[in-house]
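Undergrad:
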Amino acid sequence: MKLRKRLTVDGAAVALVDEDVRLELLAPGRAMFRVQSGVTLTGFVRLYLGFSNQDADQLYFTGYVEKSVTVDAQTQRLMCRELTALLDVHMPIFLRHPTLQDVLAAYAERTGLSFIMGDGVYAAKPVASFAAFGSGHQGMDSLGAVFGIERYVWQQQGDDKVYVGSWDNSRWATRPVTVEERWFSACDANGGKTLPVLPALRPGVLLNGEYVTALQLRGENMVATCEKQFER
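Pasting the structure below:
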């Protein structure tokens, strides 16, 4: 069973030399891809992961090229960010008597992002007003307090959509991952554990009873950083 990686840039397949993909809970992920290309590249980036015994690959990273650096005549280094980084700009919003859906619709209109909500009571509850005068990221961070969402999280999923709501209502709450300890090969100073690549593993997932807060993908391995408690 061999790991398979497939990278597309602006919809076209690109030969991948190596990668360093870093995903974080509650923050946009980032990635560096070294690819075979004689020209600078722009556009949306998608990394798919799978195994030789599977028919379909799983979408793992979706973002955009922030910078394309020429390494040599046939190689580019792509510096990329997840789509939710589009919120990291000044994005003031003021709404009267909005529901969570109204606020997310406003951010979707500004960014083109696709949001989905948890099915808690907070989803349809209006508030007196919503005011955010900083970045879109800061506005999204404030939604938990504004709408009274316990264990609040907003996170880009593997399918490009951005989940907003309680962790307890998220897809991660019903899809825990268990890995036998023998598959962990190393542990770093920050508590990160190295294991073979698992395409289903993402920040927010419950791994062996602990919450994944960060992941680094390089080569055939991942480094997963976990916490015992979900703190927001």
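In my numbering, the protein residues as written are 1 to 232.
For glycine and all other residues, C-beta sits at the position ideal for the given N, C-alpha and C.
Q138 by DSSP, collapsed to three states: which one?
TA: By one-based count along the sequence shown, residue 138 stands at place 138. Reduced to three states, the DSSP call for Q138 is helix.
Undergrad: Taking only the alpha-carbon atoms, compute the straight-line gap between D102 and D168 and give it to the nearest angstrom.
TA: The residue labelled residue 102 in the question sits at position 102 within the sequence shown. The residue labelled residue 168 in the question sits at position 168 within the sequence shown. Cα-Cα distance, rounded: 22 Å.
Undergrad: Roughly how far, in whole angstroms, is the beta-carbon of R202 from the beta-carbon of L26, given that I think they are within contact range, below 8 Å?
TA: Along the sequence shown, read from residue 1 onward, the residue named residue 202 stands at position 202. Along the sequence shown, read from residue 1 onward, the residue named residue 26 stands at position 26. 13 Å between Cβ atoms; not a contact.
Undergrad: Using CA atoms only, rank isn't needed, just tell me which of G139, L195 and A85 is closest to F184.
TA: For the purposes of this step, residue 184 is taken as the residue at position 184 of the sequence shown. Comparing Cα positions, the closest option is L195.
Undergrad: Given a threshold of 16 other Cβ atoms within 10 Å of its Cβ, counted over all protein chains shown, does A132 qualify as buried or as exposed?
TA: Residue mapping note: residue 132 aligns to position 132 of the sequence shown, counting from 1. Burial call: buried.
Undergrad: Please check the pair K125 and T99, which I expect to be a contact at CB under 8 Å, by giving their CB distance rounded to whole angstroms.
TA: On the sequence shown, residue 125 is found 125 positions in, with the first residue counted as 1. On the sequence shown, residue 99 is found 99 positions in, with the first residue counted as 1. Confirmed, about 7 Å.
Undergrad: Kindly provide the ranges of any alpha helix (DSSP H) runs that are 4 or more residues long and lie completely inside the stretch 69 to 93, ordered along the chain.
TA: Segments of the alpha helix (DSSP H) lying fully in the stretch 69 to 93: there are none.
Undergrad: What span of residues does the beta strand (DSSP E) with A132 cover, start to end?
TA: Translated into the one-based positions of the sequence shown, residue 132 becomes position 132. Here the beta strand (DSSP E) through A132 covers S129 to A132.
Undergrad: Please work out which residues of its chain come closer than 8 Å, Cβ to Cβ, to G191, disregarding the five sequence neighbours upstream and downstream, and give them in chain order.
TA: Here residue 191 corresponds to residue number 191 of the sequence shown, with the count starting at 1. Closer than 8 Å at Cβ, skipping near neighbours: T225 and C226.
Undergrad: For D18, write down the residues that DSSP places opposite it in a beta bridge.
TA: In the sequence shown, counting from the first residue as 1, residue 18 sits at position 18. DSSP lists R34 as partners of D18.
Undergrad: G11 to Q74, Cα distance in whole Å?
TA: One-based indexing of the sequence shown puts residue 11 at position 11. One-based indexing of the sequence shown puts residue 74 at position 74. Going from the Cα of G11 to the Cα of Q74 covers about 20 Å.
Undergrad: Tell me, please, which residues DSSP counts as bridged to A27.
TA: Mapped onto the sequence shown, residue 27 falls at position 27. Its beta-bridge partners are E24.
Undergrad: So, with DSSP's three-state summary, where would you put L143?
TA: As a first step, residue 143 is located in the sequence shown; it is residue number 143 there, counting from the start. Of the three classes helix, strand and coil, the one that applies to L143 here is helix, per DSSP.
Undergrad: To which residues of the same chain is H137 closer than 7 Å at the C-beta, ignoring the five residues directly before and after it?
TA: Indexing the sequence shown from 1 puts residue 137 at position 137. L87 and D88, listed in sequence order.
Undergrad: Return the first residue and the last residue of the beta strand (DSSP E) that Q156 is part of.
TA: Within the sequence shown, residue 156 is the residue found at index 156, counting from 1. Per DSSP, Q156 belongs to the beta strand (DSSP E) from Y152 to Q156.
Undergrad: Output needed for Q216: all residues of its chain with C-beta closer than 6 Å, excluding positions within five of it in sequence on either side, in chain order.
TA: Reading the sequence shown from its first residue, position 216 is the one you call residue 216. Contacts found: R22 and V223.
Undergrad: Could you give the distance in angstroms between the alpha-carbon of D188 and the alpha-carbon of V127?
TA: Against the sequence shown, residue 188 aligns to sequence position 188. Against the sequence shown, residue 127 aligns to sequence position 127. C-alpha separation (whole angstroms): 44 Å.
Undergrad: Work out the CA separation of V153 and S166 for me, nearest whole Å.
TA: For the purposes of this step, residue 166 is identified with residue 166 of the sequence shown, where counting begins at 1. For the purposes of this step, residue 153 is identified with residue 153 of the sequence shown, where counting begins at 1. Rounded to the nearest angstrom, the two C-alpha atoms are 6 Å apart.
Undergrad: With H, G and I counted as helix, E and B as strand and the rest as coil, what does DSSP make of L217?
TA: Position 217 of the sequence shown, counting from 1, holds the residue named residue 217. Looking at L217 - three-state DSSP - the assignment turns out to be strand.
Undergrad: Contact defined as beta carbons within less than 8 Å: I believe V146 pairs with F115. What is the distance between those atoms, to the nearest angstrom?
TA: Your numbering for residue 146 matches position 146 in the sequence shown. Your numbering for residue 115 matches position 115 in the sequence shown. With 8 Å as the limit, V146 and F115 do not qualify as a contact, their Cβ atoms being about 15 Å apart.
Undergrad: If we ignore side chains and look at the alpha-carbon of each, how far apart do K193 and N208 end up?
TA: By 1-based counting over the sequence shown, the position of residue 193 is 193. By 1-based counting over the sequence shown, the position of residue 208 is 208. Distance between the alpha carbons of K193 and N208 is about 12 Å.
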